[in-house]
Amino acid sequence: MLRLSLLVVLTMAAFAANSLLNRAAVDSGAIGPSGFAAVRVAAGAALLVVLVLARRQALPLWHRRRWAGSLSLTVYMVGFSLAYLTLDAGLGALILFGVVQITMLGLGAMGGAQVGRRQVVGAGVAFAGLAWILWPTGEAQVSLSGGLWMAAAGIGWGVYTLSGRAEPAALPATAANFCLALPLTALPLLWAVGEGQATGTGLALAALAGAVTSGLGYALWYSLVPRLGAATAATLQLSVPVIALAAGAALLAEAPGLRLILGAGVVLGGIALALPRPARG
Numbered sequence: 206m207l208r209l210s211l212l213v214v215l216t217m218a219a220f221a222a223n224s225l226l227n228r229a230a231v232d233s234g235a236i237g238p239s240g241f242a243a244v245r246v247a248a249g250a251a252l253l254v255v256l257v258l259a260r261r262q263a264l265p266l267w268h269r270r271r272w273a274g275s276l277s278l279t280v281y282m283v284g285f286s287l288a289y290l291t292l293d294a295g296l297g298a299l300i301l302f303g304v305v306q307i308t309m310l311g312l313g314a315m316g317g318a319q320v321g322r323r324q325v326v327g328a329g330v331a332f333a334g335l336a337w338i339l340w341p342t343g344e345a346q347v348s349l350s351g352g353l354w355m356a357a358a359g360i361g362w363g364v365y366t367l368s369g370r371a372e373p374a375a376l377p378a379t380a381a382n383f384c385l386a387l388p389l390t391a392l393p394l395l396w397a398v399g400e401g402q403a404t405g406t407g408l409a410l411a412a413l414a415g416a417v418t419s420g421l422g423y424a425l426w427y428s429l430v431p432r433l434g435a436a437t438a439a440t441l442q443l444s445v446p447v448i449a450l451a452a453g454a455a456l457l458a459e460a461p462g463l464r465l466i467l468g469a470g471v472v473l474g475g476i477a478l479a480l481p482r483p484a485r486g
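Numbering follows the working numbering, with no gaps: position 260 of the sequence shown is 465.
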């Protein structure tokens with residue numbers, strides 16, 4: 206149980222690092238959002254394929270499960286990148302994780318997963334805490350196109366996560382998903398958004414996000430999802446924006462505000478409530 210908990214924390218930290226690397230690269234103008242996504246997927250595919258071959262495993266490119274994995278990963282990558290062209294970061298995270306919750310809980314219940322009242326309440330409390338942290342102050346302009354792109358990204362990520370429950374080998378499955386998502390991800394983004402040339406720093410940050418925090422992080426997530434269940438996996442991900450905000454404040458040597466501290470406590474309390482109780486021996 207302790208090992209599982211540590212691996213979950215490591216995975217959520219990797220997801221939060223994705224957000225920080227994306228912001229560091231794109232917000233600074235070092236690379237555009239479409240270029241970042243394309244390099245991210247390419248770097249993830251390259252490293253994962255090398256690891257699969259080094260372990261003498263087969264790369265299941267043509268298995269029927271690739272339809273769900275690669276297409277949902279593409280929808281997530283494309284939607285996420287295009288949404289932040291017009292959407293505020295805080296509202297974007299709320300839309301993304303709200304839709305992820307609905308998608309995973311809904312599809313999980315339709316698939317026969319047992320979702321208890323305590324898990325639903327815990328997920329609601331955790332999301333309320335996240336909304337408290339991220340809700341914009343003052344007047345916020347909500348872009349319809351940005352909101353729709355982010356909602357699509359949430360559906361894509363929810364489906365991608367749930368598709369991992371049927372994967373017998375997490376690393377080869379993730380590698381195959383990245384390989385098949387590469388052309389699907391790069392072409393629409395490069396066609397839809399005209400961008401300037403990327404700098405070396407932007408390319409390096411995108412490659413780091415793709416190879417380490419996305420490629421390895423997603424492979425680890427695929428290995429954990431079957432052990433967590435749909436409701437627990439969905440709720441745990443609500444910690445990602447909180448970790449990203451706390452890490453960003455630490456990197457900038459800023460003290461976290463009272464709103465972040467109290468909201469983080471509500472999120473963690475909701476997650477604790479949603480976690481399954483250990484069986485009594």
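Idealized CB from N, CA, C, for every residue including glycine.
Taking the Cβ atom as the reference point for each residue, do residue i and residue j lie within a distance shorter than 8 Å?
i, j, result
"residue 381", "residue 252", "no"
"residue 287", "residue 348", "no"
"residue 413", "residue 355", "no"
"residue 408", "residue 231", "no"
"residue 415", "residue 246", "yes"
"residue 439", "residue 310", "yes"
"residue 435", "residue 327", "no"
"residue 363", "residue 305", "yes"
Using a Cβ-Cβ cutoff of less than 6 Å, which residues in the same chain neighbour residue i once the five nearest sequence positions on both sides are dropped?
i, result
"residue 369", "427, 430"
"residue 250", "383, 384, 387"
"residue 389", "279"
"residue 274", "368, 382"
"residue 215", "none"
"residue 357", "280, 284"
Just how far apart, CA to CA, sit residue i and residue j?
i, j, result
"residue 397", "residue 290", "Interpretation of residue 397 is limited by its pLDDT of 47, a score under 50 that renders its predicted location unreliable; no figure is taken from the coordinates."
"residue 479", "residue 404", "43 Å"
"residue 248", "residue 227", "14 Å"
"residue 220", "residue 334", "19 Å"
"residue 338", "residue 468", "6 Å"
"residue 463", "residue 473", "15 Å"
"residue 445", "residue 285", "15 Å"
"residue 461", "residue 443", "18 Å"
"residue 238", "residue 432", "33 Å"
"residue 267", "residue 321", "36 Å"
"residue 421", "residue 361", "19 Å"
"residue 406", "residue 242", "15 Å"
"residue 277", "residue 471", "30 Å"
"residue 417", "residue 475", "29 Å"
Report buried or exposed for residue i, applying the criterion of at least 16 other Cβ atoms within 10 angstroms of its Cβ.
i, result
"residue 206", "exposed"
"residue 481", "exposed"
"residue 340", "exposed"
"residue 373", "exposed"
"residue 366", "buried"
"residue 217", "buried"
"residue 486", "Confidence is the limiting factor: at residue 486 the pLDDT is only 47, short of 50, which leaves the residue's position unreliable and the question unanswerable from this model."
Using a Cβ-Cβ cutoff of less than 7 Å, which residues in the same chain neighbour residue i once the five nearest sequence positions on both sides are dropped?
i, result
"residue 377", "257, 262, 263, 264, 265"
"residue 371", "270"
So, at 8 Å on beta carbons, what are the nonlocal neighbours of residue i in its own chain, with the 5 sequence-adjacent residues on each side left out?
i, result
"residue 303", "332, 359"
"residue 437", "324, 479, 480, 481"
"residue 465", "338, 447, 450, 451, 454"
"residue 336", "299"
Reducing DSSP to helix, strand and coil, say where residue i ends up.
i, result
"residue 232", "helix"
"residue 419", "helix"
"residue 250", "helix"
"residue 260", "coil"
"residue 211", "helix"
"residue 397", "Here residue 397 scores only 47 on pLDDT, less than 50, and its place in the model is too uncertain to base an answer on."
"residue 324", "helix"
"residue 296", "helix"
"residue 474", "helix"
"residue 461", "coil"
"residue 426", "helix"
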